[in-house]
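Peer 1: Protein chains in written order, with our numbering: chain A, 199 to 422; chain B, 4 to 84. Even for Gly, the Cβ is constructed at its ideal location relative to N, Cα and C. The structure is given below, and queries will be raised subsequently.
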């Protein structure tokens, strides 16, 4: 499988994502410009990544303008055809604005831009230390949508403490039900606020991000 | 004819508005009494070329639904002048 990383004006984690995928996880990576729309070199076994940053300066709403760039039209078609799409931070916001994932990311409850290591969990006993860096990461959806997400097992990650306890104190932004990452019902579109690509290199002292990217995007490939 | 269309975009009433909350506490610390709540949204002004006010409103409504407001978090009101 190979990866395509979309670059929007204002993306600032596109190179981190490229390096994590190419050098730390030894994957083939192609950079994609938002004004292009050709995804013909990708098959539905591949994965398109929407990186973090401040696409279009976060004007209007985070991710709202990126959603209408030419490349996003192709990414939306790609997702509907079953291709994998992975959005991190601003990429998650773009996926919600594109209606590929339900809900929205609102301004953090404490009104602050939060940049630090936090802990997330995907199953009891699994705790990952991953950095976050966002001002608008408070996941919100109505109660019905939240219940559906939980019933379908679409909540991928929740904020937790170092021991894996899902508590209010470990929730850095006020996300409902501590939600840090979700997927769509078909499980081919993934979005998360924390930055696993910033935790993939031994030189950075944390490789928990590798496990996340492998489990979410690469290992699945082997199962099929 | 050109119409000036004002679109008011506000956070949904059930949503916490951290910006409004911050401003409210600032108003309180100024000693201004009687302000029970503050909500902050945005005002978008469009100049719209349309045949009549009804059509101008339709154009603005379409723009609001497609891009200017996100119904998951916001509602909008349109005024045509």
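To the nearest angstrom, how far is it from the Cα of residue 421 of chain A to the Cα of residue 10 of chain B?
Peer 2: For residue 421 of chain A, the predicted structure reports a pLDDT of 39, less than 50, and the residue's modelled location is therefore unreliable. A value from the coordinates is still provided. Roughly 50 Å between the two C-alpha positions.
Peer 1: Looking only at its chain, what residues have a beta carbon closer than 8 Å to the beta carbon of residue 22 of chain B, apart from the 5 residues adjacent to it on each side?
Peer 2: 43
Peer 1: Which residues in the same chain have their Cβ closer than 6 Å to the Cβ of residue 8 of chain B, if we skip the five residues on either side of it in sequence?
Peer 2: 49, 51, 59, 63 and 83
Peer 1: Could you tell me how far apart the beta carbons of residue 396 of chain A and residue 214 of chain A are, in whole angstroms, since I believe they sit closer than 8 Å?
Peer 2: Right, the Cβ-Cβ distance comes to about 6 Å (below 8 Å), so this counts as a contact.
Peer 1: DSSP three-state label for residue 414 of chain A, please.
Peer 2: If DSSP states are grouped into helix, strand and coil, residue 414 of chain A belongs with the helices.
Peer 1: Closest Cβ-Cβ distance between residue 338 of chain A and chain B: below 8 Å?
Peer 2: yes
Peer 1: Are there 16 or more other CB atoms within 10 angstroms of the CB of residue 57 of chain B, so buried, or fewer, so exposed?
Peer 2: exposed
Peer 1: Name the residues in the stretch 302-318 of chain A whose C-beta lies less than 8 Å from a C-beta of chain B; which are they?
Peer 2: 302, 304, 305, 306, 307, 308 and 309
Peer 1: Distance check for residue 12 of chain B and residue 46 of chain B, CA to CA, integer angstroms please.
Peer 2: 6 Å
Peer 1: For a contact meaning CB atoms closer than 7 Å, what does residue 25 of chain B contact in chain A?
Peer 2: 309
Peer 1: Taking a contact to mean a Cβ-Cβ separation below 8 Å, would you say residue 209 of chain A touches residue 268 of chain A in this structure?
Peer 2: no
Peer 1: Give the interface partners of residue 262 of chain A over in chain B, defined as CB-CB distance under 8 Å, in chain order.
Peer 2: Per Cβ cutoff of 8 Å: 70 and 73.
Peer 1: In terms of alpha-carbon separation, which member of A:242, A:283, A:322 and A:257 lies closest to residue 204 of chain A?
Peer 2: A:283
Peer 1: Looking at residue 274 of chain A: is its Cβ nearer than 8 Å to the Cβ of residue 319 of chain A?
Peer 2: no
Peer 1: Cutting at 8 Å between CB atoms, please list the residues of its own chain near residue 265 of chain A, excluding the five before and the five after it.
Peer 2: When the five nearest sequence neighbours on each side are left out, the beta carbons in the same chain lying within less than 8 Å of the beta carbon of residue 265 of chain A are those of 292, 295 and 296, in order along the chain.
Peer 1: From residue 247 of chain A to residue 4 of chain B, what does the alpha carbon distance come to, in whole angstroms?
Peer 2: 45 Å
Peer 1: Is residue 76 of chain B near residue 33 of chain B, with beta carbons less than 8 Å apart?
Peer 2: no
Peer 1: Can you tell which of A:289, A:325 and A:340 has the C-alpha that lies nearest to the C-alpha of residue 16 of chain B?
Peer 2: A:340
Peer 1: So, at 8 Å on beta carbons, what are the nonlocal neighbours of residue 419 of chain A in its own chain, with the 5 sequence-adjacent residues on each side left out?
Peer 2: Unreliable positioning characterises residue 419 of chain A in this predicted model, as indicated by a pLDDT of 46, which lies under 50. The coordinate reading is nonetheless provided below. Here the set comprises 199 and 243.
Peer 1: Measure how close the beta-carbons of residue 218 of chain A and residue 398 of chain A come, nearest whole angstrom, since I'm counting them as under 8 Å.
Peer 2: 4 Å
Peer 1: Taking just the CA atoms, how far does residue 278 of chain A sit from residue 346 of chain A?
Peer 2: 20 Å
Peer 1: So residue 403 of chain A and residue 394 of chain A are in contact, right, with Cβ under 8 Å, and what is the actual spacing, rounded?
Peer 2: That pair is no contact at about 15 Å.
Peer 1: According to DSSP, residue 241 of chain A sits in a beta bridge with which residue or residues?
Peer 2: Partner(s): none; residue 241 of chain A has no beta bridge.
Peer 1: Going residue by residue through the stretch 336-364 of chain A, where are the continuous beta strand (DSSP E) segments of at least 3 residues, counting only ones entirely within it?
Peer 2: Counting whole runs of 3 or more residues, the stretch 336-364 of chain A contains the beta strand (DSSP E) stretches 336-338 and 353-358.
Peer 1: So with Cβ pairs under 8 Å, would you call residue 13 of chain B a contact of chain A?
Peer 2: no
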